[in-house]
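In the working numbering, the protein residues as written are 12 to 548.
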């Protein structure tokens with residue numbers, strides 16, 4: 012297994028001036044003395060790296076389109092030819108032995124004459140009529156929408172968890188003092204194995220997106236290395252690139268293979284994230300994966316899975332296991348808007364829905380709520396208007412009835428008033444008129460006789476007629492005042508005198524042959540009466 016501290020770190024700790032000495036054309040004796048203990052230390056700890064992964068640029072250089080396993084021997088016509096596609100993985104890579112072992116076990120499982128394997132670009136559009144695909148977890152994630160089904164994922168002694176194995180590391184030259192933290196990478200020229208590489212580029216873009224940067228505009232330029240990570244180091248050292256993106260454990264593998272990487276400086280390392288102690292600037296994702304396309308029959312899918320899981324471990328315990336969680340890959344592609352989420356780069360209805368569905372639903376329910384509120388308010392307004400119209404109609408009907416009743420009451424009141432006034436006139440005027448008639452008849456009889464009546468008698472009769480006429484006039488005035496609503500005046504009157512006047516008027520009227528007599532007390536009693544006639548007795 013890899014040690015917890017990479018080899019180039021051991022070199023720096025054992026010999027701080029190691030990378031400086033290499034750049035000098037001549038070495039002083041003192042420098043040699045300083046270097047000897049470090050060399051002895053390296054010789055002593057070298058056995059510790061005996062089991063460490065060793066990689067060199069001589070790893071198999073798979074080329075796109077290369078036929079790495081052709082059908083050999085007799086073909087079983089009853090069985091279809093199973094076609095395997097292998098992604099062009101970036102070199103160098105310690106996983107190459109598992110490719111060769113997998114091809115060999117598939118030949119045994121399906122028959123040499125019924126199996127073929129070819130290197131392809133890693134693009135989903137180039138899968139064509141393949142039955143099985145050996146690629147990165149990213150390629151599998153991009154194929155999920157096409158019916159792909161994972162069968163097995165690579166495991167090893169330095170990456171035993173198939174769910175967390177591959178990551179990316181940002182590196183630059185140690186002499187670049189202007190690049191020391193993640194934010195310093197922005198705007199720099201980057202080099203990577205290719206724009207469609209999973210571990211070599213997409214994982215790095217996912218880390219950029221997770222830090223709230225736009226991964227499409229973070230670097231000023233991308234220089235592809237042609238699936239060769241060692242060339243990325245050359246581009247860094249030549250100054251053509253400012254920063255390189257390499258897969259996790261790449262530097263450690265080079266150091267363990269004897270390559271000098273002391274001039275390389277890792278950026279934004281996440282401590283303790285890799286089980287083997289490899290440096291990583293990102294989280295870890297599933298390892299290489301074999302998946303079946305919809306073309307593969309269920310029987311052959313079962314045979315392929317059994318063969319993969321029964322394959323004996325190779326170097327560094329390379330073998331096949333089962334990955335149970337590819338959600339990190341899906342989340343990665345959603346964040347960088349690639350693969351199945353490529354549509355997010357254009358404003359389609361689908362992207363609009365995915366981006367703003369919360370706000371759309373909120374707006375929809377708000378509008379629906381407002382519409383419901385408006386409908387309810389309109390209904391309540393109509394209901395209230397109907398109630399008001401009904402109340403107004405009832406009020407108008409009540410007013411009409413009240414007006415009719417008032418008119419009837421007024422008619423009755425007037426009729427009553429006329430009747431009352433008629434009664435007053437008939438009652439009040441009867442006595443003075445009767446008295447006037449009586450005095451007139453008496454005077455008429457006196458004139459009809461030849462006897463000459465005394466003057467005082469005639470004057471007394473005429474005075475009585477005038478008095479009764481004035482009384483009648485007062486009664487008429489009282490009735491008119493009553494009709495006008497005027498309050499009648501009250502007069503302080505001697506009650507005894509008033510009674511004697513009434514008796515005298517009664518006797519003068521001669522209504523009855525019986526003479527009325529009255530006796531009044533000696534005391535005087537005054538009362539307030541409405542004036543209805545002559546106030547003098």
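Every residue, glycine too, gets a C-beta built ideally from N, C-alpha and C.
These numbers come from a predicted model, not from an experiment.
In the DSSP secondary-structure assignment, residue 229 is not bridged to any residue. The criterion of a C-beta distance shorter than 9 angstroms is not satisfied by residue 183 and residue 154. Counting only runs of 3 or more residues that sit fully inside the region 263-294, the beta strand (DSSP E) segments are 275-278, in chain order. Per DSSP, residue 107 lies in no beta strand (DSSP E) segment; the continuous alpha helix (DSSP H) that holds it begins and ends at 107-121.
If the five residues before and after residue 92 are omitted, its C-beta is found closer than 6 angstroms to the C-beta atoms of 125, all from its own chain and listed in chain order.
Rounded to the nearest whole angstrom, the C-alpha separation of residue 273 and residue 357 is 44 angstroms. Residue state for residue 307 is assigned as coil, using DSSP reduced to three classes. Between residue 216 and residue 319, the CB-CB gap reaches or exceeds 9 angstroms. With 16 or more other CB atoms across the displayed protein chains lying within 10 angstroms of its CB, residue 226 is buried. Taking 9 angstroms as the cut-off, the Cβ atoms of residue 304 and residue 285 do not count as close. The beta-carbon separation of residue 298 and residue 173, rounded to 5 angstroms, stays under the 8 angstroms limit for a contact. Going by C-alpha positions, residue 212 is about 11 angstroms away from residue 238. For residue 419, the enclosing alpha helix (DSSP H) covers residues 360-459.
The beta carbon of residue 261 sits closer than 6 angstroms to the beta carbons of 240 from its chain, once the five residues preceding and following it are set aside; these are given in chain order. The three-state secondary structure of residue 223, taken from DSSP, is coil.
When the Cα atoms are used, residue 311 and residue 373 turn out to be separated by approximately 49 angstroms.
Per DSSP, the unbroken beta strand (DSSP E) holding residue 78 starts and ends at 78-80.
By the CB criterion at 9 angstroms, residue 253 and residue 200 fall inside the cutoff. Runs of the beta strand (DSSP E) spanning 3 or more residues and lying entirely within the region 322-362 occur at 330-332, in chain order.
Residue 239 sits in a strand when the DSSP states are folded into three classes. Residue state for residue 483 is assigned as helix, using DSSP reduced to three classes. Nearest neighbour of residue 251 by Cα position, chosen from 378, 265, 263 and 232, turns out to be 232.
Between residue 179 and the set 278, 350 and 488, the nearest pair of CA atoms involves 278. Across the structure, residue 166 and residue 185 are spaced so that their CA atoms are roughly 33 angstroms apart.
In this structure residue 112 is buried. Its beta-carbon is surrounded by 16 or more other beta-carbon atoms within 10 angstroms. The criterion of a C-beta distance shorter than 9 angstroms is not satisfied by residue 454 and residue 436.
When DSSP states are grouped into helix, strand and coil, residue 536 belongs to the coil group. Judged by DSSP in its simplified three-state form, residue 253 adopts coil rather than helix or strand.
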